[in-house]
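Each residue of the sequence shown is one higher than the last, beginning at 4 in my numbering. Glycine included, C-beta positions come from ideal geometry on N, C-alpha and C. Structure record follows, encoded as structure tokens.
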Amino acid sequence: MSINRVTVNGKTYIIKGGTYSTVFNGKVYSDGEVYLDGERIYCKKPFFLRILKFLLFIASIYVISGIYFLICGFLLLMKK
4 MSINRVTVNG KTYIIKGGTY STVFNGKVYS DGEVYLDGER IYCKKPFFLR
54 ILKFLLFIAS IYVISGIYFL ICGFLLLMKK
């Protein structure tokens, strides 16, 4: 986990990065950005986790379509 120091309007904030959830002032933000004093500071999500999330999305599409074709094939076999 990396710790980033960000300075906004002369104030230094410590933002913990390296995961999707960022903890700041006791609040957990999971969208990768933190709001500080009306300013928006983006905490970039790790590149590896972005790729993993995309691959899981593709795998879920394959699983859903596989279940669909399995059910359709079973129903076609039962018709005979």
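Cβ neighbours of residue i in the same chain (closer than 7 Å, five flanking residues each side left out)
i	result
PHE73	With the sequence shown as reference, residue 73 is identified as Leu, and Phe is not the correct amino acid for it. None.
THR70	Checking the sequence shown, residue 70 turns out to be Ile, not Thr. Cβ within range, chain order: n/a, list empty.
LEU59	none
Check: residue i C-beta below 7 Å from any heavy atom of the ligand SAH
i	result
PHE50	The ligand SAH is not among the ligands present in this structure, which contains no ligands whatsoever.
Residues of its chain near residue i, where Cβ-Cβ distance is below 8 Å and the 5 sequence neighbours each way are ignored
i	result
ALA62	none
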